[in-house]
Amino acid sequence: MQTESKSPLELEQCLKCSICTAVCPVMNNTDAYPGPKQCGPDAERYRMKDIRFFDESALKKCLNCKRCEVACPHGVKVAELIQTARRDMSQHGPGLREIMLANTDIMGSLATLVAPIANFATGLQLSKEVLHATVGIDHRRTFPKYAGTKFETWYHRHAAQNQGQFKHQVAYFHGCYVNFNYPKLGQDLVHVMNAFGYGVQLLEKEKCCGVALMANNMYNQAKKQGQVNIDSMRKALQGGVETIVTTSSSCTLNMREDYPTMLGIDQKDVKEHLGLAVRFISRLLDEGNVKLVWKEGFKKHVCYHTACHMARLGWNVYTLNILRQIPGLELDILEQNCCGISGTYGFKKENYELSQKIGSTLFNDIEATNAEAVVTECETCKWQIEMSTSLPVINPISLLAEALDLEATQKANIR
Amino acid sequence: MSQEYDVIVIGGGATGAGTARDCALRGLKTLLIERYDFTNGATGRNHGLLHSGARYAVNDAESAEECIKENMILRKIARHCVEEHDGLFITLPEDDLEYQKTFVERCQHAGIRADIITPEDALRREPAVNPRLIGAVVVPDGSVDPFRLTIANVLDARLHGADVLTYHEVTSLIINNGRVEGVNLRNNLTGETSEARAQITVNAAGIWGTLIAKMAGAQVSMFPAKGSLLIFGHRVNNMVINRCRKPANADILVPGDAITVIGTTSDRVPIETVDNLRVTPEEVEVLLTEGAQLAPALASTRIIRAYCGVRPLVASDDDPTGRNISRGIVCLDHETRDGMAGFITITGGKLMTYRLMAEIATDMVCKKLGVNKRCTTAENALPGTQPDSVEHEYDVVKDHSPYGRRSAGEDNRDENKTYVSHVQQGRFGNNAHNIEAGRPDKDALVCECEQVTVGEVEYAMEHQMVERLIQLRRRTRTGMGTCQGQLCALRAACVLSHKTGVEAAKADLRNFLNERWKGMQPVAWGSTLSEAQLIQRVYRDVCGL
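Protein chains in written order, with this note's numbering: chain V, 239 to 653; chain R, 292 to 836.
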């Protein structure tokens, strides 16, 4: 009799119940993908025997949305089995397209320097056609706009000097998207945390979390960047910040769950202090430690989309806990469906149609709510939904900033 | 049925199938008889180890030499049945390192390559090996799929004109004037009786050979030795791992296909019990404890099955007490030995030496029949290993089908095939391309753990004498994966029912699931227990079986 059962990524815990195949957004939209069970635990047994059983063209179809892992009743790391196989067995280096899409920070740094030109250029049909034909980025795709001023620049100019006045401090991992494309979310985060009586620090060094690098098989670079992030976080924690907050669900999941398993980065000591701002705020609210002053007459109708990686974290409850406390907010909760973009996946021309097909259920559901906006924590879902529906997409932190009387709240919390 | 044959071979194990093949290749009109399905006895219940012979080198030089010769032959003639991954003989701190010296010397003496490597090198080559090892020797061990090997022999025998009967049991021998002239048969599926006649009858029935011999009034003293083995859910090791010491319990760990097998135990059992053996909890304990000495990961790796077989050990004729048991090949001419003409028993030996045993038996048959033909089984490759250009009646390329694997064209599952077809190639060798594929109804998976498609099931039904799930399992691995039939059994039964009818398929399904449970029961804990419960839920509670 054996008292414990261990296997790489829990592959032996798979009872072949096939629940994962029922929830897989890819498998349910194309015949070209054999599904999470076959590509994960089934094929892994043969891949252990010989690399010739590694079928890259099939495995590449995986979105890594991790809905299979959420569904699995036995904790099999289905998506991770697929991703580690790609990591360890792929014979192909990343192409120019992969390098362009995955290096969100380098591309961002370059683009923000010339933001108006970059935005103009990526918006041009001609440049889209060129990208489509040369590197294989789909010409039907809308690119996220680059901001003229990076979030970090804004922070150092307008926020850094005020943070010392707060008794409590948190560190903020903003991510590439906030820094280069959407600094307003970072600004909202600073305002909201300040209103609750928390100063916001940036990390000494922040690199792209690497999720896009990993999806495009650039693990060495991802590991280097990940190590920088974890070291900086560790230093920040030692320096006295209470926690490290984030606003992106995919960055967070990647740094919490995939750093140790996929990149071999030891971050046990940091992990428990690293989480989405909504988790931190939800806990503050539950503990009754903050006071909230809402704007008079605030009224809005939104629908909430649970991003795949948010579902994997299981943290949508925190967001919903906050949203439900906003007076005047009409909230529809959408059925959980993948939007189809999955980071850089939907940008590739061979995936565009599949990506839109996967998202179509969600898009229809969104339009049917007649809401004013969609709320979600994931920036790539934002691009996809804004491109594919008529609604704007906002982060719950921004919604909170919009609904709160920030000045009055800050006064109430710092007496 | 009453037909004249030159030779009747009793027993559908590797030896019987090999003998039938050899006889057929030498132009004899041959009938092969098996009372259930092929490989039902010891052939199908062992490690599947492609012995280098190293294990016998110290104590049994003759067996060692036979093994290494046959090992090299099988790599040539049965390429699609073997995996050439080499083996390690490891010395642990509690073993005597002196033994390694003797071991290597004797191996070299027997013609077996045996290279001493450092423990570090051993760990690099085989990360699963016990890191406590103090010595390691690399030998040309490998693994062999006994099911595939046996069916390949059967197919080649048929190709050369042999008739084959499965589910036919010999109820008695037809004896006239001190001569065996044939066999009386009972169809074990229908109960019908019949007879078949031949000039020579070869008893290749393994441990059951002692009962066949008794029908001719001859005593062949056999000592049934039960050996139990465990199957782990995935490949823990990629090289065979043995202990470098005197052979003992559970000291061979063999990777084969997608699994790893540890074995064996060894216990004498009464001949009356050999049809109803079960693996005991004590045996499981021994296998687990000793196995963890070879590869510590075994202690916490899921076990999907336990099974046991019976070695046909034969007492040498001059020592009927059985003290002097040989694992060597025994070929008895009952005419000179017992005054019973037309009757030969071939027994003893090992899976590894099945071809040599067949050669020895066939030589004797030929001598008796006055046929002067040389044995060619060591040169002629088996079906599946033969070059593509050779066309056989049983694998004629289906040019009437526009869907052949090679012309899949615009099929949108084409990419998926690279994986599935690799797996199938492993099972069928160069016959794999005759499996219909390239359209959804043929590519649909029947067995997901082992990647068996509808096309493959149909191929097996058409060309490999498959009507029942147990036959399908042995030909294609359907139901051998971690789910042990949970997903595949029903689907496979559906495909088979096109040939056998729904009621027969239902009964077959019930038997198959019970047989699967028999192997899971001794190791029913953890995920394997959950799996068994899920199977029960699906079949009893949902399907109402």
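Ideal placement from N, C-alpha and C gives every residue a C-beta, glycine not left out.
Task: Environment of Asn533(R) [buried if 16+ CB atoms lie within 10 Å] - done: Within the second sequence, residue 533(R) is the residue found at index 242, counting from 1. Looking at its Cβ environment, which holds 16 or more other Cβ atoms inside 10 Å, Asn533(R) is buried.
Task: Span separating the alpha-carbon of Asp313(R) from that of Gly332(R) - done: In the second sequence, the residue the question calls residue 313(R) occupies position 22. In the second sequence, the residue the question calls residue 332(R) occupies position 41. Computed Cα separation, rounded: 21 Å.
Open item on the list: Check whether the region 484-497 of chain R and the region 294-302 of chain R are in contact - that is, three or more C-beta pairs closer than 8 Å.
Closed with: Contact between the region 484-497 of chain R and the region 294-302 of chain R is established, with three or more Cβ pairs separated by less than 8 Å.
Task: For Gln463(V), the nearest candidate out of Val368(V), Cys414(V), Leu364(V) and Leu247(V) (CA to CA) - done: Walking along the first sequence from the start, residue 463(V) turns up at place 225. Relative to Gln463(V), the option among Val368(V), Cys414(V), Leu364(V) and Leu247(V) whose CA is nearest is Cys414(V).
- [ ] Tell me where the beta strand (DSSP E) around Asn478(R) begins and ends.
- [x] The residue labelled residue 478(R) in the question sits at position 187 within the second sequence. The continuous beta strand (DSSP E) containing Asn478(R) extends over residues Arg470 to Asn478.
Open item on the list: By the three-class DSSP mapping on this structure, what secondary structure does Pro634(V) have?
Closed with: As a working note, residue 634(V) is residue 396 in the first sequence. Annotated three-state conformation of Pro634(V) is helix, per DSSP.
- [ ] Consult DSSP for Phe634(R) and reduce its assignment to one of helix, strand or coil.
- [x] Here residue 634(R) is taken as the residue at index 343 of the second sequence, counted from 1. For Phe634(R), the three-state secondary structure derived from DSSP is strand.
TODO: For the region 372-391 of chain R, enumerate the residues whose C-beta is nearer than 9 Å to any C-beta of chain V, in chain order.
DONE: Listed by position along the chain: Glu374.
Open item on the list: Going by beta-carbon coordinates alone, are Gln251(V) and Ala590(R) separated by less than 9 Å?
Closed with: Within the first sequence, residue 251(V) is the residue found at index 13, counting from 1. Within the second sequence, residue 590(R) is the residue found at index 299, counting from 1. No, Cβ-Cβ distance for Gln251(V) and Ala590(R) is not below 9 Å.
Open item on the list: Quick check on Met625(V) - is its C-beta less than 9 Å from some C-beta in chain R?
Closed with: On the first sequence, residue 625(V) is found 387 positions in, with the first residue counted as 1. No, because no Cβ of chain R sits closer than 9 Å to the Cβ of Met625(V).
Open item on the list: Along the chain, where does the alpha helix (DSSP H) containing His451(R) start, and where does it finish?
Closed with: Here residue 451(R) is taken as the residue at index 160 of the second sequence, counted from 1. It is not in any alpha helix (DSSP H) - His451(R) carries neither H nor E in the DSSP assignment.
Open item on the list: Assuming Val428(R) is part of the beta strand (DSSP E), what are its boundary residues?
Closed with: Sequence index remark: in the second sequence, residue 428(R) carries index 137 (1-based). Start and end: Gly426 to Val430.
TODO: Say whether chain R places a C-beta atom closer than 9 Å to the C-beta of Glu588(V).
DONE: Position 350 of the first sequence, counting from 1, holds the residue named residue 588(V). Look at Glu588(V): its C-beta is not under 9 Å from any C-beta on chain R.
Task: Secondary structure of Asp406(R), DSSP reduced to three states - done: What you label residue 406(R) is simply residue 115 of the second sequence in a count that begins at 1. Asp406(R) falls in the strand class under three-state DSSP.
TODO: Taking Leu249(V) and Glu282(V) to be in contact with their CB atoms under 8 Å, please state how far apart those CB atoms are, rounded to whole angstroms.
DONE: Here residue 249(V) refers to the residue found at position 11 when the first sequence is read from its first residue. Here residue 282(V) refers to the residue found at position 44 when the first sequence is read from its first residue. For a cut-off of 8 Å, the C-beta gap from Leu249(V) to Glu282(V) is around 5 Å, short enough to register as a contact.
Open item on the list: Can you tell me whether Val352(V) is buried or exposed? The criterion is at least 16 other CB atoms within 10 Å of its CB, across all chains shown.
Closed with: Counting from one through the first sequence, the residue named residue 352(V) turns up at place 114. Within 10 angstroms of the beta-carbon of Val352(V) lie fewer than 16 other beta-carbons, which makes it exposed.
Open item on the list: Which of the three DSSP states is assigned to Ile761(R) in this structure?
Closed with: Stepping through the second sequence from its first residue, residue 761(R) is reached at position 470. Secondary structure of Ile761(R) (DSSP, three-state): helix.
Open item on the list: For the pair the region 516-535 of chain R and the region 430-441 of chain R, tell me if three or more CB-CB distances fall below 8 Å.
Closed with: Of all C-beta pairs linking the region 516-535 of chain R to the region 430-441 of chain R, three or more are shorter than 8 Å, placing the two stretches in contact.
TODO: Would you mind working out which of Val743(R), Arg536(R) and Val601(R) sits nearest Arg765(R), comparing C-alpha positions?
DONE: By one-based count along the second sequence, residue 765(R) stands at place 474. When only C-alpha atoms are compared, the closest one is Val743(R).
- [ ] Locate the beta strand (DSSP E) running through Glu390(V), then write down its first and last residues.
- [x] Position 152 of the first sequence, counted from the start, is the residue given in the question as residue 390(V). Per DSSP, Glu390(V) belongs to no beta strand (DSSP E); it is in the alpha helix (DSSP H), Phe389 to Trp392.
TODO: Take the Cβ of Lys620(V) as the centre, count every other Cβ of all protein chains shown within 10 Å, and call the residue buried at 16 or more, exposed below.
DONE: Indexing the first sequence from 1 puts residue 620(V) at position 382. Counting of Cβ neighbours within 10 angstroms places Lys620(V) among the buried residues, the total reaching 16 or more.
TODO: Report the option in Thr484(V), Ala409(V), Asn417(V) and Met431(V) whose CA atom is closest to the CA atom of Ser470(V).
DONE: As a first step, residue 470(V) must be located in the first sequence, where it is residue number 232. Distances from the CA of Ser470(V) to each of Thr484(V), Ala409(V), Asn417(V) and Met431(V) were compared; the closest alpha carbon is that of Ala409(V).
- [ ] Just mark Ala296(V) as buried or exposed, buried being the case when its beta carbon has 16 or more other beta carbons within 10 Å.
- [x] In the first sequence, counting from the first residue as 1, residue 296(V) sits at position 58. Around the beta carbon of Ala296(V), 16 or more other beta carbons sit within 10 angstroms, so the residue counts as buried.
Task: Closer than 9 Å to chain R by CB, Ala453(V) - done: Within the first sequence, the letter at position 215 stands for residue 453(V). Taking Cβ atoms only, chain R never reaches closer than 9 Å to Ala453(V), which makes this a no.
- [ ] Give every residue of the same chain whose Cβ lies closer than 8 Å to the Cβ of Ala796(R), excluding the five residues on either side of it in the sequence, and list them in chain order.
- [x] Position 505 of the second sequence, counting from 1, holds the residue named residue 796(R). Ala784, Cys785, Leu787 and Ser788.
Open item on the list: Pull the bridge partners of Pro587(R) from the DSSP assignment, please.
Closed with: Taking the first residue of the second sequence as position 1, residue 587(R) is located at position 296. None, per the DSSP bridge assignment.
TODO: Give me the Cβ distance between Thr636(R) and Leu647(R), rounded to the nearest whole Å; I'm assuming they're in contact under 8 Å.
DONE: As a first step, residue 636(R) must be located in the second sequence, where it is residue number 345. As a first step, residue 647(R) must be located in the second sequence, where it is residue number 356. The Cβ separation is near 16 Å, so there is no contact.
TODO: Write down every uninterrupted run of the beta strand (DSSP E) in the region 514-562 of chain R whose length is 3 residues or greater and which is fully enclosed by it, in chain order.
DONE: Runs of the beta strand (DSSP E) inside the region 514-562 of chain R: 531-534, 543-547 and 550-554.
TODO: Return the CA-CA distance between Val428(V) and Ala340(V), expressed in angstroms with no decimal places.
DONE: Start at 1 with the first residue of the first sequence, and residue 428(V) comes out as number 190. Start at 1 with the first residue of the first sequence, and residue 340(V) comes out as number 102. Distance between the alpha carbons of Val428(V) and Ala340(V): 27 Å.
TODO: Answer yes or no: do Ile403(R) and Ser354(R) have a C-beta to C-beta separation smaller than 9 Å?
DONE: The count along the second sequence starts at 1 and reaches residue 403(R) at position 112. The count along the second sequence starts at 1 and reaches residue 354(R) at position 63. No, the pair does not count as a contact, with Cβ atoms beyond the cut-off.
Open item on the list: DSSP three-state label for Tyr420(V), please.
Closed with: What you label residue 420(V) is simply residue 182 of the first sequence in a count that begins at 1. Coil.
TODO: Report the residue from Lys254(V), Asn559(V) and Gln505(V) whose alpha carbon sits nearest the alpha carbon of Glu525(V).
DONE: In the first sequence, residue 525(V) corresponds to position 287, counting from 1. Closest by alpha carbon: Asn559(V).
Task: DSSP-derived helix/strand/coil call for Gln610(V) - done: Taking the first sequence and counting its residues from 1, one reaches residue 610(V) at position 372. Per the sequence shown, residue 610(V) should be read as Glu rather than Gln. Looking at Glu610(V) - three-state DSSP - the assignment turns out to be coil, as it is neither helix nor strand.
TODO: Within its chain, find whatever has a CB closer than 7 Å to the CB of Glu480(V); leave out the 5 residues flanking it on each side and keep chain order.
DONE: One-based indexing of the first sequence puts residue 480(V) at position 242. Same-chain partners within the cutoff: His406, Gln407 and Val408.
Open item on the list: Using a Cβ-Cβ cutoff of 9 Å, what residues of the region 750-770 of chain R are near chain V? List them in chain order.
Closed with: Going along the region 750-770 of chain R in chain order, one finds no residue with a Cβ nearer than 9 Å to chain V.
Open item on the list: Applying the 10 Å Cβ sphere with the 16-neighbour rule, what's the burial state of Asp690(R)?
Closed with: Reading the second sequence from its first residue, position 399 is the one you call residue 690(R). In this prediction, Asp690(R) has a pLDDT of 34, which is less than 50 and means its spatial position is unreliable; what the coordinates show is noted afterwards. An exposed status is given to Asp690(R), since fewer than 16 other beta-carbon atoms sit within 10 Å of its beta-carbon.
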